[in-house]
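Trainee: Got a structure for you, written out below as structure tokens; questions coming shortly.
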Amino acid sequence: MAQISKTKECWFAVAMILLSAALLAQAFMYPAQSSQFPRFLMVLQLLFSAALLVVALRLPHEKTKDGGSKQRLAALRAPFQVFVASSAYVLAIGYVGYFVSTAFFLCGSMYWFGTHKPVVLIAVGAGFILTVYALFVFFIGVRLPEGILI
Amino acid sequence: MESILNGIALGSTQLLDPMVLLLIVLGTVFGIIIGSLPGLTSTMGVALLVPVTFGMTPVQGLALLGAIYCSSTYAGAISAILINIPGTPANCSTLLDGFPMTKLGQGGLAIALATAASAIGGFMSNFGLLFLAPPLAELALRFGSQEYFLLALFGVSVIASLSEGNMLKGFTSGTLGLFLAIVGMHPMTGDIRFTFGIPELFNGLPLVVALIGLYSIPEVIANLSEKSTNEETTAAEVKGVFGQMMEVFKYKMVMFKATVIGLIVGIVPGAGSSIAGFIAYDNAKKASKQPESFGKGNPAGVVASETANNAVVGGSLIPTLTLGIPGNAVSAVLLGGLMIHGLKPGPGLFAENGEIIYGFILSMFVANLVFVPVGLFVSRYGVKFIKTPASILGPLVIGLGVVGAYALNMSLVDVWIMIAMGMLGFVMKQFDVPREPMVLGLVLGTMAEGELARSMSLVQGDVPALFASMFTRPLSLIIIGLTAISVFQGLRSQFRKKGPFLD
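Here it is, written out as structure tokens:
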């Protein structure tokens, strides 16, 4: 298992405490009969989070490595790519329709993630769209979103 | 016993449907592809195809999902043996002797043994499921609201206390899952809670959509971050494996013990296939006359590990079908699949929908036979395919997740929920928070709150009376005792490691 970072653990515990406190406060805005269970859960969550913070504070200080922030930024590249690509895709579905946006998403994201051969991009994109059409539209009868194009 | 035999007779008529058989074959092929591709898990495979079952009959849909579960659990062994990367976490222990066998030029034998042992382990555990689940369901018919509420807490506490590395984070994850499950309308009063004005959440967070996100997007991100790993490995060639499968019968005792271990581990919520594999591997090593040969290419290591991880499949479905408490994350997704077909997992399932459930169980016997030729074919000809780069797989998985999440309720809001849950899953992975307790919480939260509300109404809202009723009912007391034991055991194992809560 990767070495446990004190700072990371502390941040996580503090974030969980804040989240549980906010949700607990929100739970008190609902009638008591409807919010007993969420109140119970959030009190438990506060306790667990506080215990996590205590444990995190007892961890030894980690040594700062050179290029730590660069490494952290590099580690965020993949999640950033996935989030941006999938969010843009879902936004586009509503405007240009499912099939057009899927074609652009697949080819664009494969290219962005590192596959550059045009034959592969077109073959995979077309194969996926045909499979989805056969499975979801033809077989199950799902009406996929249509936009200004299709 | 008579009811079981009647159930088998009813269920076997369902298997005569050619569509069911075709779906088992298709599910097996898909499961083998998912399982053998490093980074794609059984849970993700089943979650991605749950929406596809929407237009099928319950038996057809469940047969497809069951086939994916059985075959993907096995298929991780292919990449573990041939390219030294386990296809799924369940096959980590297979790698210990599987890849050394390949390096010794025995890759074909390792694949043959893994395939035969997986089929036998899966087959035997299905027998366990077939004969243990109905009596347990009958016992569970005696459960009242209190027992169900306690059972839900038990499920989450067990999986949290078994969380590898950090028990406190396991509990945090489980509690968050329980909370997310109760978003929406209160089961008794109808009050809307925690929806933040989004009407699509009034009926609660869509379980399958949440699970698709939680298990697909984090894996895509992880694969993209480590994309060079697959491309650098070389794979061995596999030839003439069919003939070598019979050698598995040299290890009868190893298989028997591993099946029992897998079945028991599967029944315990949270203790997944990877744990079963390691326990069985360790057991085989201790029982061996040459324990020093383990880790250097001993075939018994492969047999033990693969028998046990496939035996988990049947075991994990026992609490899922009889109590509505999933044995692991894959069976939690399967439970979601049951629910979208209008089936309510729990003690009444066998009595009310026996034909469907027995049909489903019997379909898994067939799936365990079908994955043998398909798995051997993939091992022989599909090694290049196993090494498909993450840059191609990632967009395909996201694309399938998006269309699956949309198809369930024809709502783009569901797709956004899927992406949000995916990012949450990624954050959890970053902070080493296990996702399995959250899945259990998501599945059990609604039941826990509903049964608590019913229990409260039985005692007219008197909390001390509720506690008194829990501590005076024998079945409630047993569940409370089991919960206490599981938490105590979890604490003890954590203290045995380096610290109280850290690995």
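Top to bottom, those sequences are chains A and B.
FYI, in our numbering the residues of the first sequence are 14 to 163.
FYI, in our numbering the residues of the second sequence are 0 to 502.
Every residue gets a Cβ at the ideal spot worked out from N, C-alpha and C, and that includes glycine.
Quantities reported herein were computed from a predicted structural model and do not represent experimental measurements.
Can you grab the Cα-Cα spacing for the pair alanine 91 (chain A) / glycine 242 (chain B), in whole Å?
Mentor: 44 Å
Trainee: How about serine 390 (chain B) and phenylalanine 61 (chain A): do their beta carbons lie closer than 8 Å?
Mentor: no
Trainee: I'd like to know whether the C-beta atoms of proline 346 (chain B) and threonine 319 (chain B) end up nearer to each other than 8 Å.
Mentor: no
Trainee: Would you tell me roughly how many angstroms separate the C-alpha atoms of proline 433 (chain B) and methionine 427 (chain B), rounded to the nearest one?
Mentor: 7 Å
Trainee: With 8 Å set as the bound, which would you pick, yes or no: does the beta-carbon of glycine 480 (chain B) sit closer than that to a beta-carbon of chain A?
Mentor: no
Trainee: Ignoring anything shorter than 4 residues, give me the alpha helix (DSSP H) runs that lie fully in the segment 394-432 of chain B, in order along the chain.
Mentor: Counting only runs of 4 or more, we get 411-429.
Trainee: Any beta carbon of chain A sitting closer than 8 Å to that of histidine 527 (chain B)?
Mentor: Coverage of chain B is limited to positions 0 through 502, which leaves residue 527 (chain B) absent and any answer about it impossible.
Trainee: Between which two residues does the alpha helix (DSSP H) harbouring proline 158 (chain A) extend?
Mentor: From DSSP, proline 158 (chain A) is part of no alpha helix (DSSP H); its letter is neither H nor E.
Trainee: Name, please, each residue of chain A whose Cβ falls closer than 7 Å to the Cβ of valine 508 (chain B).
Mentor: A question about residue 508 (chain B) goes unanswered here, because the residues of chain B that appear run from 0 up to 502.
Trainee: Kindly indicate which three-state DSSP category isoleucine 191 (chain B) falls into: helix, strand or coil?
Mentor: Residue state, collapsed to three classes: strand.
Trainee: From which residue to which residue does the alpha helix (DSSP H) around glutamine 46 (chain A) run?
Mentor: That run of the alpha helix (DSSP H) goes 45-70.
Trainee: Would you check if the segment 300-314 of chain B and the segment 243-263 of chain B touch, i.e. whether three or more CB-CB distances between them fall below 8 Å?
Mentor: yes
Trainee: Under the rule that 16 or more other beta-carbon atoms within 10 Å means buried, what is tyrosine 108 (chain A), buried or exposed?
Mentor: exposed
Trainee: With a cut-off of 8 Å, does the C-beta of phenylalanine 504 (chain B) fall near any C-beta of chain A?
Mentor: Only positions 0 to 502 of chain B appear in this structure, which leaves residue 504 (chain B) out of reach.
Trainee: Relative to the alpha-carbon of phenylalanine 118 (chain A), which residue among B:Val49, B:Leu210, B:Val402 has its alpha-carbon at the smallest distance?
Mentor: B:Val402
Trainee: Please list the segments of the alpha helix (DSSP H) lying wholly inside the segment 303-347 of chain B, counting only runs of 4 or more residues, in order along the chain.
Mentor: 328-339
Trainee: Give me the Cα-Cα distance between glycine 480 (chain B) and serine 492 (chain B), rounded to the nearest whole angstrom.
Mentor: Rounded to the nearest angstrom, the two C-alpha atoms are 18 Å apart.
Trainee: Looking only at DSSP bridge pairs, what is glycine 110 (chain A) linked to?
Mentor: Note: glycine 110 (chain A) sits in a beta bridge opposite A:Glu159.
Trainee: Does the count of Cβ pairs from the segment 330-337 of chain B and the segment 40-56 of chain B closer than 8 Å reach three?
Mentor: With a cut-off of 8 Å, the segment 40-56 of chain B and the segment 330-337 of chain B count as touching, because enough Cβ pairs lie within range.
Trainee: Output, in chain order, the set of chain B residues within a Cβ distance shorter than 7 Å of threonine 115 (chain A).
Mentor: Gly398
Trainee: For chain A, is any of its Cβ atoms less than 8 Å away from the one on glutamate 230 (chain B)?
Mentor: Caution is warranted here: a pLDDT of 47 is assigned to glutamate 230 (chain B), below 50, making its placement in the model unreliable, and no coordinate value can be reported.
Trainee: Does the segment 124-141 of chain B come into contact with the segment 375-389 of chain B, if we say contact requires no fewer than three beta-carbon pairs (one atom in each stretch) closer than 8 Å?
Mentor: No: fewer than three Cβ pairs fall under 8 Å.
Trainee: Where does the unbroken alpha helix (DSSP H) through phenylalanine 376 (chain B) begin, and where does it stop?
Mentor: 353-380
Trainee: So, is alanine 159 (chain B) buried or exposed, given that buried needs 16 or more other C-beta atoms within 10 angstroms?
Mentor: With 16 or more other Cβ atoms within 10 Å, it is buried.
Trainee: Which residues in the same chain as isoleucine 478 (chain B) place their Cβ atom closer than 8 Å to its Cβ, once the five residues preceding and following it in sequence are excluded?
Mentor: Excluding positions up to five away in sequence, the list reads Glu146, Leu149, Leu150, Phe153.
Trainee: Note the first and the last residue of the continuous alpha helix (DSSP H) segment covering glycine 261 (chain B).
Mentor: Run containing glycine 261 (chain B): 251-266, per the alpha helix (DSSP H) assignment.
Trainee: By the three-class DSSP mapping on this structure, what secondary structure does lysine 19 (chain A) have?
Mentor: helix
Trainee: What's the gap between the Cα of glutamate 448 (chain B) and the Cα of valine 458 (chain B)?
Mentor: 16 Å
Trainee: Quick one: what does DSSP say glutamate 230 (chain B) is sitting in, helix, strand or coil?
Mentor: Low local confidence applies: a pLDDT of 47 at glutamate 230 (chain B) is under 50, so the model's placement there is unreliable, with the coordinate-based value given in what follows. Helix.
Trainee: Residues of the segment 326-356 of chain B in Cβ contact with chain A at a cutoff of 8 Å, in chain order, please.
Mentor: So nothing in the stretch comes that close.
Trainee: Could you check what DSSP says for glycine 183 (chain B) in three-state terms: helix, strand or coil?
Mentor: It is a strand residue.
Trainee: Is there a Cβ from chain A that is less than 8 Å from the Cβ of proline 394 (chain B)?
Mentor: yes
Trainee: Counting only Cβ-Cβ distances shorter than 9 Å, please list the residues of the segment 377-392 of chain B near chain A, keeping chain order.
Mentor: Pro388, Ala389, Ser390, Ile391
Trainee: My output table needs one value for methionine 55 (chain B): the three-state DSSP class, helix, strand or coil.
Mentor: Here methionine 55 (chain B) sits in coil by DSSP.
Trainee: For a cutoff of 8 Å on Cβ pairs, would you count alanine 136 (chain B) as touching chain A?
Mentor: no
Trainee: With a threshold of 8 Å between beta carbons, is glycine 54 (chain B) in contact with chain A?
Mentor: yes
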